[in-house]
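Chains as they are written, first to last, in the numbering used here: chain U, 33 to 824; chain C, 21 to 183.
Glycine residues also receive a C-beta, built at the ideal position from the N, C-alpha and C atoms.
For reference, the structure discussed in these notes is given below.
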Ligand code: FES
Ligand code: FES
């Protein structure tokens with residue numbers, strides 16, 4: 033029975049629950065006596081709250097609690113404690129929660145909200161991150177200097193809008209530029225986008241009179257919710273109970289903490305009755321955080337042969353009004369922000385900047401989707417200008433075993449191979465001979481022009497150096513097991529992969545491995561957060577250890593019963609047997625709860641395996657140079673695309689996307705492919721359609737599905753082909769690495785590069801709408817015309 | 021209270037083969053009636069505005085966004101929800117195909133998606149790929165990238181399994 037589950041395509045184990053509607057999400061739950069809450073949001077992007085009158089709302093029959101910010105003396109935050117539960121003193125973005133009501137019904141709560149009167153005095157807002165770091169910019173957080181934050185990791189600058197300044201210095205860029213044959217400087221931008229989980233954020237909380245807080249929430253990280261609430265409310269961890277049932281998509285947007293504290297405070301005020309808050313779709317766009325925007329400036333120096341000698345990068349993150357989580361995006365994008373390239377001289381500054389936009393948080397890719405737009409467009413532009421094939425150019429510069437990363441980490445044989453990923457996808461689209469000028473002209477005349485492009489990517493889990501997790505494997509009376517972990521499976525399929533790993537190590541049928549679905553901080557083992565594509569890696573390692581622990585306990589019992597030394601025992605087919613005499617055995621079932629001899633004597637006891645895993649060898653980075661070891665493992669990848677552009681309308685058709693990732697080991701092909709196809713299509717959304725649009729005074733216009741379009745079934749390419757490279761990660765479970773976020777990264781750059789390949793225009797801003805392409809074509813025609821006239 | 025009583029109306033509606041007579045407020049949606057009054061929470065709400073399809077149910081053979089239909093409008097009609105699709109614990113061929121192809125990730129769009137697919141296959145047992153894409157174009161899915169869903173529907177059509 034060796035390797036019978038690893039590599040198998042097994043459908044999600046909760047499939048039946050999901051196709052029948054049995055699976056219960058927080059949306060579907062109700063508790064006895066439950067109240068419903070609604071939120072009043074700010075109409076202004078930046079304004080002082082002069083007064084709030086809630087007396088009318090409180091008088092409305094059925095209203096049980098009305099809360100405003102001044103009643104809540106708490107501050108919250110993951111890395112930087114900058115958030116209020118409800119706005120206090122001033123509002124910092126349009127859509128920010130200002131007051132909340134809990135009432136007998138949603139209808140009453142809604143009416144009560146309308147009765148709350150708030151007087152505002154508008155303040156000057158700031159929206160552009162580059163403007164926001166100018167000397168005289170209005171401050172979003174005047175008190176930044178007094179906020180608590182994770183010391184030694186982050187660097188907020190008091191008296192400015194800079195929530196974090198991450199610095200990286202490697203080699204000597206000035207010298208690198210001096211030695212360069214040519215230097216390229218460009219700016220790239222990307223707007224904020226929303227995660228759009230189909231299930232909006234939902235929570236039910238009760239703050240009982242006995243001082244306990246019980247919560248059901250659609251969160252990715254139950255222990256983070258508990259920890260942050262414990263810190264904010266100064267309540268012991270053991271008095272906070274967080275449970276997470278099925279979650280309808282997260283993509284990072286449900287990491288950290290969101291509506292839980294507000295629901296708890298409303299409950300407390302309502303005398304302990306449970307309170308449910310379900311974000312409306314508008315609130316999901318406008319009140320709950322989204323992904324940060326980015327303006328990237330890159331200056332690259334290259335040698336004549338096409339080696340990148342120096343790169344100076346500045347990332348200006350539009351963090352929006354709060355940056356409690358956002359600061360770590362700026363940091364993660366700093367230490368990996370030059371892409372998977374070996375560059376001797378790098379100067380990188382990544383500024384997480386407060387603005388008066390809705391704020392940003394983790395979103396699949398964690399900064400990498402954003403900066404790779406810049407890096408991978410830049411690489412293509414340079415290659416073209418040097419007259420070198422962009423594939424050859426990348427191959428000259430990509431990290432390989434022996435290379436040193438920008439933080440000083442040495443790449444090893446088992447780190448993963450980005451070059452192999454790139455080669456794989458480039459071959460799949462048959463990159464090679466380019467069209468001649470005549471052929472291009474011919475196509476142009478016909479109105480439809482085809483093009484090809486590609487881009488690489490990398491990402492490591494972005495997490496604190498001390499990130500840990502644990503797993504419990506409990507044997508049941510019949511010899512089956514319950515596996516308890518506290519990372520959440522909100523659709524990625526991780527639980528199925530973990531069950532495969534458990535079944536593999538325990539050498540038992542997967543049907544007998546039950547993953548305990550609801551996460552529960554009272555009874556489940558600790559896990560930091562379900563983010564950063566780290567759950568299969570760390571959770572998998574913890575489960576392997578838990579399984580070995582359980583096996584060891586069973587062998588202990590079997591050794592006594594079978595009168596054989598432990599090391600001569602083996603397991604297989606749900607039995608513990610003597611290696612040289614397999615007929616001498618005990619079944620798992622016989623030892624699961626303790627073994628009983630024929631005369632009634634019993635030994636052993638219930639078998640409970642424990643396993644844990646803590647990130648190994650990670651270091652805090654040097655505050656001045658960014659040098660150190662930030663990465664547990666790197667997953668590399670590449671995408672290649674084939675497109676067709678209608679030159680009359682600017683319409684773009686994506687014909688084919690081929691993607692390859694070095695996942696170390698494919699644990700479950702069906703689910704891995706699902707992650708890739710889903711991630712690529714989400715990446716297409718970011719590439720072509722999505723982006724927040726505001727009025728000049730900062731009101732979000734794209735706050736519904738009417739105005740914010742995500743890909744539908746009609747927007748997907750004919751072919752999406754997932755491919756895998758397997759360079760085993762020596763410390764990964766069966767050699768595996770995470771691949772949840774990566775499929776979304778760099779899709780846009782591959783498309784942008786293909787557009788240049790097709791029609792010779794450079795798109796520098798996302799999303800690549802038809803209008804943007806059309807305008808670029810017109811602009812190019814004007815330029816070409818002018819050049820002709822000048823020549824003539 | 022009295023005013024609210026006035027705004028109530030009694031309806032008789034058949035849901036998954038069972039007939040219910042209930043008094044509902046005139047502004048209650050069919051979605052809320054199914055979820056809050058009948059506890060059929062398999063039908064989901066993703067937007068409440070007719071833009072996401074998570075609330076799709078079949079009314080008299082046609083797919084509708086139940087968040088846009090008032091409960092009183094459903095009076096006298098026949099409704100099929102995800103809960104009514106499998107019989108005696110046996111899955112409908114579409115449900116089985118969704119599992120085989122893993123047209124499911126988080127599962128939140130799944131009930132609505134399956135109901136749209138069912139309505140399509142009932143009226144057109146052998147749809148082209150374009151027809152499949154059209155039929156589910158009002159159902160948003162953020163997780164799967166649609167490919168496995170389309171493949172699942174194609175597969176059912178090819179196998180010609182019906183129920
Ligand atoms: S909930 Fe009905 S369409 Fe979105
Ligand atoms: S499976 Fe999550 S939205 Fe479709």
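Cβ-Cβ distance between residue i and residue j below 9 Å
i, j, result
"residue 483 of chain U", "residue 789 of chain U", "yes"
"residue 127 of chain C", "residue 523 of chain U", "yes"
"residue 68 of chain U", "residue 138 of chain U", "yes"
"residue 559 of chain U", "residue 572 of chain U", "no"
"residue 2 of chain U", "residue 507 of chain U", "Outside the displayed range of chain U (33 to 824) lies residue 2 of chain U, so it cannot be described from this structure."
"residue 656 of chain U", "residue 805 of chain U", "no"
"residue 347 of chain U", "residue 327 of chain U", "yes"
"residue 418 of chain U", "residue 451 of chain U", "no"
Contacts of residue i in chain U (Cβ-Cβ under 9 Å)
i, result
"residue 68 of chain C", "312, 313"
"residue 151 of chain C", "Within 9 Å Cβ-Cβ: nothing; residue 151 of chain C doesn't reach chain U, min ~11 Å."
"residue 61 of chain C", "53, 56, 57, 59, 60, 61"
"residue 2 of chain C", "Residue 2 of chain C lies beyond the residue range present for chain C, which begins at 21 and ends at 183; the question has no answer from this structure."
"residue 38 of chain C", "Simply none; closest approach about 16 Å."
"residue 64 of chain C", "53, 57, 59, 60, 230, 231, 280"
Exposure of residue i, with buried meaning 16 or more beta-carbon neighbours within 10 Å
i, result
"residue 241 of chain U", "exposed"
"residue 47 of chain C", "exposed"
"residue 114 of chain U", "buried"
"residue 516 of chain U", "buried"
"residue 21 of chain C", "Below a pLDDT of 50, predicted positions are generally treated as unreliable, and residue 21 of chain C, at 43, falls in that range; the measurement from the model is reported next regardless. Classification of residue 21 of chain C: exposed, given that the 10 Å Cβ count is below 16."
"residue 177 of chain C", "buried"
"residue 814 of chain U", "exposed"
"residue 466 of chain U", "exposed"
"residue 213 of chain U", "exposed"
"residue 59 of chain C", "exposed"
"residue 33 of chain U", "Per-residue confidence for residue 33 of chain U stands at a pLDDT of 42, beneath the threshold of 50, marking its modelled position as unreliable; the derived number appears in the next sentence. Counting Cβ neighbours within 10 Å, residue 33 of chain U comes out exposed, since fewer than 16 surround it."
"residue 651 of chain U", "exposed"
"residue 41 of chain C", "exposed"
Within chain U, the residues that residue i reaches when beta carbons sit closer than 7 Å
i, result
"residue 74 of chain C", "230"
"residue 106 of chain C", "52"
Contact list for residue i against chain U, beta-carbon separation under 8 Å
i, result
"residue 168 of chain C", "706, 709"
"residue 95 of chain C", "Going along chain U, no residue has its Cβ under 8 Å from residue 95 of chain C, so there is no contact; the nearest lies around 21 Å."
Rounded Cβ spacing between residue i and residue j (contact assumed at less than 8 Å)
i, j, result
"residue 351 of chain U", "residue 385 of chain U", "6 Å"
"residue 762 of chain U", "residue 388 of chain U", "Actually they are not in contact, since the Cβ atoms of residue 762 of chain U and residue 388 of chain U sit about 47 Å apart, beyond 8 Å."
"residue 757 of chain U", "residue 694 of chain U", "4 Å"
"residue 127 of chain U", "residue 116 of chain U", "That belief does not hold up - the Cβ atoms of residue 127 of chain U and residue 116 of chain U are roughly 14 Å apart, past 8 Å."
"residue 341 of chain U", "residue 211 of chain U", "6 Å"
Under 8 Å by beta carbon: chain C residues contacting residue i
i, result
"residue 43 of chain U", "119, 120, 122"
"residue 714 of chain U", "162, 165"
"residue 742 of chain U", "160, 162"
"residue 127 of chain U", "In chain order: nothing, as chain C lies at least about 17 Å away."
"residue 703 of chain U", "122"
Interface partners of residue i on chain C, CB under 7 Å
i, result
"residue 403 of chain U", "Going along chain C, no residue has its Cβ under 7 Å from residue 403 of chain U, so there is no contact; the nearest lies around 23 Å."
"residue 745 of chain U", "153, 156, 157, 166, 170"
Amino acids of chain C, ordered along the chain, whose beta-carbon sits closer than 9 Å to that of residue i
i, result
"residue 690 of chain U", "Chain C residues near residue 690 of chain U: none, gap ~14 Å exceeds 9 Å."
"residue 748 of chain U", "153, 165, 166, 167, 170"
So, does the stretch 131-141 of chain C touch the stretch 69-80 of chain C, judging by three or more C-beta pairs under 8 Å? yes
Three or more beta-carbon pairs under 8 Å between the stretch 672-690 of chain U and the stretch 737-744 of chain U, yes or no? no
Does the structure place the stretch 100-108 of chain C close enough to the stretch 681-691 of chain U that three or more beta carbon pairs sit under 8 Å? no
Across the stretch 618-637 of chain U and the stretch 165-174 of chain U, are there enough close Cβ pairs to call them in contact, namely three or more that are closer than 8 Å? no
Does the stretch 725-733 of chain U come within contact of the stretch 650-668 of chain U, defined as at least 3 CB pairs closer than 8 Å? no
Does the stretch 530-537 of chain U touch the stretch 574-582 of chain U, meaning 3 or more C-beta pairs lie closer than 8 Å? yes
Any contact of the stretch 495-503 of chain U with the stretch 640-659 of chain U, i.e. 3+ C-beta pairs under 8 Å? yes
Is it the case that the stretch 667-677 of chain U contacts the stretch 486-498 of chain U, given that we only count it when at least three CB pairs across the two stretches are under 8 Å? yes
Quick one: any contact between the stretch 145-165 of chain U and the stretch 82-93 of chain U, if contact means 3 or more CB pairs under 8 Å? yes
Are the stretch 305-315 of chain U and the stretch 230-241 of chain U in contact at 8 Å, needing three or more beta carbon pairs? yes
Under 8 Å: do the stretch 117-127 of chain C and the stretch 38-53 of chain C share three or more Cβ pairs, one atom per stretch? no
Given 8 Å as the limit, is there contact between the stretch 366-373 of chain U and the stretch 186-195 of chain U, that is, 3 or more CB pairs closer than that? no
Taking contact to mean 3 or more Cβ pairs, one atom from each stretch, closer than 8 Å, check whether the stretch 582-601 of chain U and the stretch 271-291 of chain U are in contact. no
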